[in-house]
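Reading through the structure tokens given below for one structure.
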Amino acid sequence: MQWYSPTADKTAEKIGWLPKSPFQKEVAAADAAFGVPGILSFFFRDNFLVATVIGASFMLFFMGIGHVLDIKKSRNISVYNGGSVVYFDLLLPVAMIVLLVLWKTGY
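If you're matching positions, the sequence shown starts at 2 in our numbering and goes up one per residue.
Here it is, written out as structure tokens:
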């Protein structure tokens, strides 16, 4: 996940957004909202990890869909709006869920 606050203006430019958008702080908060439970899941196993994976997967997948729609609508193919970012947002949730299922079923 991208942390927006320390390099907010540079990141906004690479996404194709205007700098100083309050939305960047909201995205940073959402990233932290799933990053912290992700770290805590190493200490609180089992269903805590399930909830973290499901929440983060939803967030990432819908962010990926947002990138795809933005590319289709406005042709915004900025560095952080297309390419590897889209693949990351769409494929990481699949990988996390597959690994979670394998772990929960004992593989």
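C-beta atoms are modelled at their ideal positions from N, C-alpha and C, and glycine is treated no differently.
Roughly how many angstroms separate the alpha carbons of residue 98 and residue 48, rounded to a whole number? Looking up residue 98 in the sequence shown gives position 97. Looking up residue 48 in the sequence shown gives position 47. Inter-residue distance for residue 98 and residue 48 is about 13 Å (C-alpha atoms, whole angstroms).
Where residue 39 and residue 20 are concerned, what is the direct C-alpha to C-alpha distance, given to the nearest angstrom? The sequence position of residue 39 within the sequence shown is 38, counting from 1. The sequence position of residue 20 within the sequence shown is 19, counting from 1. Approximately 29 Å, taken between the alpha carbons.
Can you name, in chain order, every residue of its own chain whose Cβ lies under 6 Å from the Cβ of residue 33, other than the five neighbours on each side? Against the sequence shown, residue 33 aligns to sequence position 32. Sequence-distant Cβ neighbours of residue 33 in its own chain, meaning closer than 6 Å and more than five residues away, do not exist here.
Considering only their Cβ atoms, is the gap separating residue 12 from residue 35 smaller than 8 Å? On the sequence shown, residue 35 is found 34 positions in, with the first residue counted as 1. On the sequence shown, residue 12 is found 11 positions in, with the first residue counted as 1. Cβ distance not < 8 Å, so residue 35 and residue 12 don't count as in contact.
Considering only residues of the same chain and omitting the five flanking positions on each side of residue 59, which have a CB-CB separation below 6 Å? As a working note, residue 59 is residue 58 in the sequence shown. Excluding the 5 residues flanking it on each side, residue 59 has no same chain C-beta neighbour closer than 6 Å.
How big is the Cα-Cα spacing for residue 27 and residue 87? The residue you call residue 27 lines up with position 26 of the sequence shown. The residue you call residue 87 lines up with position 86 of the sequence shown. If you take the alpha carbons of residue 27 and residue 87, they lie about 19 Å apart.
Quick one: give me the first and last residue of the alpha helix (DSSP H) that residue 94 is part of. Mapped onto the sequence shown, residue 94 falls at position 93. From DSSP, the alpha helix (DSSP H) with residue 94 extends over 85-105.
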